[in-house]
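In the numbering used here, the protein residues as written are 126 to 447.
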């Protein structure tokens, strides 16, 4: 009878052929080796599956599950359902894990049985692998819980969590995509302590040239809804979103989310991406992102902190604000 591995690594793949080889190699080259590598091919059409098949033939730890395109949250859930390990590590198809990532995280979880999840610091890189910035997250348990009610202070592709906790909470909820991770961390933090390691665990690839208005709207709405749902649950009221497939006007109304809140969240999310683009040297993209944000949403009342950030970035990108 085959023994179950201690760790299951789950990686969804959708048309990631350009970066896939580097990502897979970063997992197979880990200093900790007791894992299975579950890869969910989510209907790729760019040759990703052929690349995965090559690695499967070379390494018995690689398991491939192909399905029609369903989206990131269902793909992650499917991979986690197949997982046989005590722990589940998250990985994205365009990122690069540091060689000792799993060794550090498994050691931490084995020695801290009360902790449900552990993430870590990241180095942001662009599409070409160029350094953008280092991001360090809070590491104290109380700081993480407090900061989660303000922003997502746990980087999804660095996460390793206990499978039994993931299953108990029902996994990722589809309606929050692409902020399904934030919703899960918030729900998890209500019942368990979460942790971050101070070390850099991963190179996180930012696709600044692929930031569309639709993606910004979906991300900002998912973040806002996750926060408001968490605040509702703090009052011991169930949010009723376990089976929700999309965020509808009825959901927004039930959570007390106004149009002004939606638009402010969109501007805030756009500003964060514009700042990142500027930091990477992409002034044109930073200007494009902010122009759309302020043209379409700038008439709404914004917080002083948000207005101050806007005042700082506008002259740097030579944006004419009407």
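Each residue gets a CB set at the ideal place from its N, CA and C atoms; glycine is no exception.
Beta strand (DSSP E) segment containing residue 287, residue limits: Position 162 of the chain shown, counted from the first residue, corresponds to residue 287. Residues 285–287.
Pairwise C-alpha distance: residue 380 and residue 180: Taking the first residue of the chain shown as position 1, residue 180 is located at position 55. Taking the first residue of the chain shown as position 1, residue 380 is located at position 255. If I take the Cα positions, the gap works out to 46 Å.
Burial state of residue 307 (16 or more Cβ within 10 Å): Working through the chain shown from its first residue, we reach residue 307 at position 182. Buried.
For residue 470, three-class secondary structure by DSSP: A query on residue 470 cannot be resolved here, the shown segment of the chain reaching from 126 to 447 and no further.
Unbroken beta strand (DSSP E) run spanning residue 249, endpoints: In the chain shown, the residue the question calls residue 249 occupies position 124. From DSSP, the beta strand (DSSP E) with residue 249 extends over 242–250.
Nearest to residue 226 (by Cα), restricted to the options 324, 263, 163: Here residue 226 corresponds to residue number 101 of the chain shown, with the count starting at 1. With distances taken between Cα atoms, residue 226 lies closest to 324.
Delimiting residues of the beta strand (DSSP E) encompassing residue 192: Position 67 of the chain shown holds residue 192. Looking at the DSSP string, the run of the beta strand (DSSP E) that includes residue 192 is 187–192.
CB of residue 451 within 9 Å of CB of residue 210, strictly: Residue 451 lies beyond the range of the chain shown here (126 to 447); nothing can be said about it.
Cβ-based neighbour list, residue 395, same chain, cut-off 6 Å, excluding 5 preceding and 5 following: As a first step, residue 395 must be located in the chain shown, where it is residue number 270. The residues are 341, 414, 418.
DSSP state of residue 315 mapped onto helix, strand, coil: Your numbering for residue 315 matches position 190 in the chain shown. Correct three-state label for residue 315: coil.
Endpoints, alpha helix (DSSP H) assigned at residue 132: As a first step, residue 132 must be located in the chain shown, where it is residue number 7. Here residue 132 belongs to no alpha helix (DSSP H); instead the beta strand (DSSP E) covers 132–138.
Beta strand (DSSP E) runs wholly inside the region 343–375, at least 3 long, in chain order: none
Sequence-distant residues of its chain with Cβ nearer than 8 Å to residue 403 (five each side left out): Working through the chain shown from its first residue, we reach residue 403 at position 278. 411, 438, 441, 442, listed in sequence order.
Segment limits, beta strand (DSSP E) that includes residue 437: Working through the chain shown from its first residue, we reach residue 437 at position 312. No beta strand (DSSP E) holds residue 437; the alpha helix (DSSP H) holding it covers 429–441.
Buried or exposed (CB count within 10 angstroms, at least 16 for buried), residue 148: Taking the chain shown and counting its residues from 1, the one referred to as residue 148 is at position 23. So residue 148 counts as buried.
Three CB pairs or more closer than 8 Å across the region 275–286 and the region 220–237: yes
At least 3 beta-carbon pairs within less than 8 Å: the region 197–209 vs the region 153–171: yes
Limits of the alpha helix (DSSP H) - the one that residue 231 falls within: Your numbering for residue 231 matches position 106 in the chain shown. Element bounds for residue 231: 226–236.
Touch test, the region 261–269 against the region 326–338, Cβ-Cβ under 8 Å, three pairs minimum: no
Between the CA atoms of residue 216 and residue 157 - distance to the nearest angstrom: Here residue 157 corresponds to residue number 32 of the chain shown, with the count starting at 1. Here residue 216 corresponds to residue number 91 of the chain shown, with the count starting at 1. So the alpha carbons of these two residues sit roughly 15 Å apart.
Local conformation of residue 325 per DSSP, three classes: Taking the chain shown and counting its residues from 1, the one referred to as residue 325 is at position 200. Note: residue 325 maps to strand in three-state DSSP.
C-alpha distance - residue 363 paired with residue 389, whole-angstrom precision: Here residue 363 is taken as the residue at index 238 of the chain shown, counted from 1. Here residue 389 is taken as the residue at index 264 of the chain shown, counted from 1. Distance between the alpha carbons of residue 363 and residue 389: 26 Å.
Residue 238 versus residue 356 - alpha carbon distance: Counting from 1 along the chain shown, the entry for residue 238 is found at position 113. Counting from 1 along the chain shown, the entry for residue 356 is found at position 231. So the two alpha carbons sit approximately 27 Å from each other.
Short Cβ contact (9 Å threshold) for residue 271 with residue 315: Numbered from 1 along the chain shown, position 146 holds the residue referred to as residue 271. Numbered from 1 along the chain shown, position 190 holds the residue referred to as residue 315. No, the pair does not count as a contact, with Cβ atoms beyond the cut-off.
Residue interval of the beta strand (DSSP E) (run including residue 257): Against the chain shown, residue 257 aligns to sequence position 132. Per DSSP, residue 257 belongs to the beta strand (DSSP E) from 256–260.
Three-state class that DSSP yields for residue 400 in the structure shown: Start at 1 with the first residue of the chain shown, and residue 400 comes out as number 275. Residue 400 falls in the helix class under three-state DSSP.
Residues near residue 353 by beta carbon distance below 7 Å, same chain, minus five either side: Start at 1 with the first residue of the chain shown, and residue 353 comes out as number 228. Around residue 353: 380, 381, 382.
Straight-line Cα distance separating residue 134 from residue 155: Mapped onto the chain shown, residue 155 falls at position 30. Mapped onto the chain shown, residue 134 falls at position 9. Approximately 12 Å, taken between the alpha carbons.
Residue 280 in three-state terms, based on DSSP: For the purposes of this step, residue 280 is identified with residue 155 of the chain shown, where counting begins at 1. Coil.
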